[in-house]
Amino acid sequence: MTSEDVVVSKVKPQPAPVLTLRPAEECRFDAVGMGEVMLRLDPGPKRVRATRAFDVWEGGGEYNVVRGLSRVFGLRTSMVTALAENEVGRLIEGLILAGGVDVSLIRWMPYDGIGERVRNGLNFTERGFGVRGALGVSDRGHSAASQLSADEVDFDELFGKQGVRWLHTGGIFAGLSETTTQTTIKAIQTAHKYGTIVSYDVNYRPSIWKSNGGQQRAIEVNREIAPMVDVMIGSEEDFSSGLGFEISGMDEGLTDKTVASFESMINRVAAAYPNLKVIATTISTVASATTNNWGALAWSPETGLLRSTFRPGLEVFDRVGGGDAFGAGFVFGLIDGQPLGVAVDYGAANGALEMTTPGDSSYASKPEVLALASGGTARLVR
């Protein structure tokens with residue numbers, strides 16, 4: 001055996017990326033999101049019913065992911081959405097621009113003066129504290145995004161001519177109306193035609209489906225879309241209530257019993273949808289609104305089930321958006337060509353950091369996420 005043989009034998013083979021993406025140089029965008037962007041009105045530590053002032057943020061399940069990909073991880077992103085052409089719409093546009101997300105794909109709809117036919121969605125959101133959970137009150141009826149139809153977006157131009165490596169959408173947008181269900185399907189089909197990877201966050205929200213067929217309709221829509229998806233993301237409630245795969249045997253903590261319950265659920269989802277290349281789920285058990293047990297799991301046919309670092313007793317400042325921040329970190333890892341185990345740690349770290357600041361989106365930096373994912377602590381940096 002030569003000295004060169006000895007050196008080579010010490011190098012461990014690195015796991016291959018679980019997905020093959022279009023080359024970056026062929027695409028204008030690394031990732032495009034599709035969904036509604038709402039104006040979040042935040043009363044701070046107070047209750048909505050008692051406040052006299054609100055901070056404003058932009059937010060939306062699908063949007064939060066691409067904002068994280070842009071602002072935290074430096075990727076080229078854009079957002080397929082619609083806004084009513086008025087001052088509130090322009091405020092939301094300015095917040096999107098501040099998040100580093102391209103606005104060229106926004107469709108501006110004429111405003112009728114009173115919001116009878118089209119308006120911009122509002123979301124009044126309390127952070128919660130201790131035994132008082134976070135609370136969201138949506139005011140989004142007749143929103144511009146809920147009326148966005150497939151023929152209003154040139155998906156062949158976007159995915160074919162401009163080029164997109166990754167499309168992210170989900171069950172919030174698909175559930176806004178029958179129109180957005182069909183728009184979601186058209187976008188996914190066209191993305192696949194041009195080799196774009198598609199991720200879908202089930203993101204079950206009872207308030208969205210309440211007047212649109214209820215839970216059963218949510219399951220029907222998500223099951224219609226699932227066979228077209230490459231990467232499926234969700235929480236326990238998303239997979240059970242939104243996709244119809246019940247989970248049982250969970251404990252309140254991050255125990256082996258809880259992980260085994262999630263593993264069983266993921267295996268059933270994978271068996272039902274063999275098209276799925278990756279499945280990822282957050283595990284968040286609630287001790288109080290300000291203390292969560294936090295972690296994540298990811299699966300692929302090649303790797304089986306992998307765990308992120310688990311963080312029991314995670315202190316939470318603002319719970320809203322933690323799952324979306326997980327999605328951003330996780331998708332970044334996959335776009336970056338990292339092994340699945342690294343990607344799920346990126347996601348769990350970004351989600352944990354997002355919950356330390358107000359608003360729907362992560363204000364962490366990429367170095368902070370990578371440091372925490374590799375075992376960093378909250379020690380003072382100066």
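Take the sequence shown: its letters are residues 1 to 382, numbered as in UniProt numbering.
Beta carbons: idealized from backbone N, C-alpha and C, even for Gly.
- Item | Exposed unless 16 or more other CB atoms sit within 10 angstroms - verdict on residue 55 | Residue environment analysis places residue 55 among the exposed positions, since fewer than 16 neighbouring C-beta atoms fall within 10 angstroms of its C-beta.
- Query: Are the Cβ atoms of residue 315 and residue 176 separated by less than 8 Å?
  - Reply: Cβ distance not < 8 Å, so residue 315 and residue 176 don't count as in contact.
- Item | Proximity below 8 Å, CB of residue 340 to CB of residue 300 | Yes; because the gap between Cβ atoms is below 8 Å, this pair is in contact.
- Query: Would residue 326 be called buried (16 or more neighbouring beta carbons within 10 Å of its own) or exposed?
  - Reply: Flag for residue 326 reads buried.
- Task: Work out the CA separation of residue 212 and residue 127 for me, nearest whole Å.
- Result: Going by the C-alpha atoms only, they are around 27 Å apart.
- Task: Please report how far the alpha carbon of residue 281 lies from the alpha carbon of residue 264, in whole angstroms.
- Result: Taking the straight line from one Cα to the other gives about 12 Å.
- What is the DSSP secondary structure of residue 281, counted as helix, strand or coil? Residue 281 falls in the strand class under three-state DSSP.
- Message: Can you find the residues in the same chain that come closer than 8 Å, C-beta to C-beta, to residue 118, ignoring five residues on each side of it along the sequence?
- Response: Once the five neighbours on either side are set aside, the close Cβ partners of residue 118 are 84, 109, 110, 111, 112, 142, 143, 144 and 147.
- Nearest-angstrom Cα distance between residue 46 and residue 81? So the two alpha carbons sit approximately 31 Å from each other.
- Among 245, 137 and 107, which one has its Cα closest to the Cα of residue 149? Closest in alpha carbon position to residue 149, among 245, 137 and 107, is 107.
- Message: Using only the alpha-carbon positions, how far apart do residue 157 and residue 93 sit?
- Response: Taking the straight line from one Cα to the other gives about 23 Å.
- Buried versus exposed, by CB contacts within 10 Å (16 or more), residue 154: Classification of residue 154: exposed, given that the 10 Å Cβ count is below 16.
- Task: Closer than 8 Å by C-beta to residue 248: which residues in its own chain qualify, once you throw out the five before and the five after it? Chain order, please.
- Result: Answer for residue 248: 261, listed in chain order.
- Query: Would a C-beta distance cut-off of 8 Å place residue 160 and residue 138 closer than the cut-off?
  - Reply: For residue 160 and residue 138, no; Cβs fall outside 8 Å.
- Item | Alpha carbon of residue 209 to alpha carbon of residue 240, nearest angstrom | Rounded to whole angstroms, residue 209 to residue 240 spans 15 Å at the Cα level.
- N- and C-terminal bounds of the beta strand (DSSP E) containing residue 199: Annotation: the continuous beta strand (DSSP E) that includes residue 199 extends over 197 to 201.
- Message: For a quick check, are the C-beta atoms of residue 293 and residue 353 less than 8 Å apart?
- Response: Contact: no.
- Item | Exposure of residue 29, with buried meaning 16 or more beta-carbon neighbours within 10 Å | By the neighbour-count criterion, in which a residue is buried when 16 or more other Cβ atoms sit within 10 angstroms of its Cβ, residue 29 is buried.
- Terminal residues of the beta strand (DSSP E) in which residue 62 lies: Taken as a continuous stretch (DSSP letters only), residue 62 belongs to no beta strand (DSSP E), being part of the alpha helix (DSSP H) at 61 to 71.
- Query: Using DSSP with H/G/I as helix, E/B as strand and the rest coil, what is residue 317?
  - Reply: Note: residue 317 maps to coil in three-state DSSP.
- Item | With 16 other Cβ atoms within 10 Å as the buried cut-off, status of residue 164 | Buried, because 16 or more other Cβ atoms sit within 10 Å of the Cβ of residue 164.
- Task: Sort 347, 336, 319 and 331 by Cα distance to residue 44 and report the nearest one.
- Result: Taking only the C-alpha atoms, the option nearest residue 44 is 319.
- Query: Quick one: is residue 66 buried, meaning 16 or more other Cβ sit within 10 Å of its Cβ, or exposed?
  - Reply: Counting Cβ neighbours within 10 Å, residue 66 comes out buried, since at least 16 surround it.
- Query: Hey, how far is the Cα of residue 135 from the Cα of residue 49?
  - Reply: For residue 135 and residue 49, the distance between alpha carbons rounds to 12 Å.
- Provide the residue span of the beta strand (DSSP E) that contains residue 247, from first to last. Looking at the DSSP string, residue 247 is not in any beta strand (DSSP E), and its letter there is neither H nor E.
- Item | Between the CA atoms of residue 333 and residue 321 - distance to the nearest angstrom | Cα to Cα, the separation comes out at about 19 Å.
- Could you check what DSSP says for residue 120 in three-state terms: helix, strand or coil? It is coil, neither helix nor strand.
- Query: Is it right to say residue 104 is buried, meaning 16 or more other beta carbons lie within 10 angstroms of its own, or is it exposed?
  - Reply: Its Cβ having fewer than 16 others within 10 Å, residue 104 is exposed.
- Taking the C-alpha atoms as reference points, what is the distance between residue 358 and residue 347? One alpha carbon belongs to residue 358, the other to residue 347, and they sit about 18 Å apart.
- Query: Cα separation between residue 193 and residue 187?
  - Reply: Near 10 Å, if we compare the C-alpha coordinates of residue 187 and residue 193.
- Query: Excluding the five sequence neighbours on either side, which residues of its own chain have a C-beta within less than 8 Å of the C-beta of residue 19, listed in chain order?
  - Reply: Only residues of its own chain outside the window of five on either side were considered, and among them 197, 230, 231, 277, 278 and 334 have a CB closer than 8 Å to the CB of residue 19, listed in chain order.
- Look at residue 437 and residue 62 and say whether their C-beta atoms are less than 8 Å apart. An answer regarding residue 437 cannot be provided, because it is not within the stretch 1 to 382 covered by the chain.
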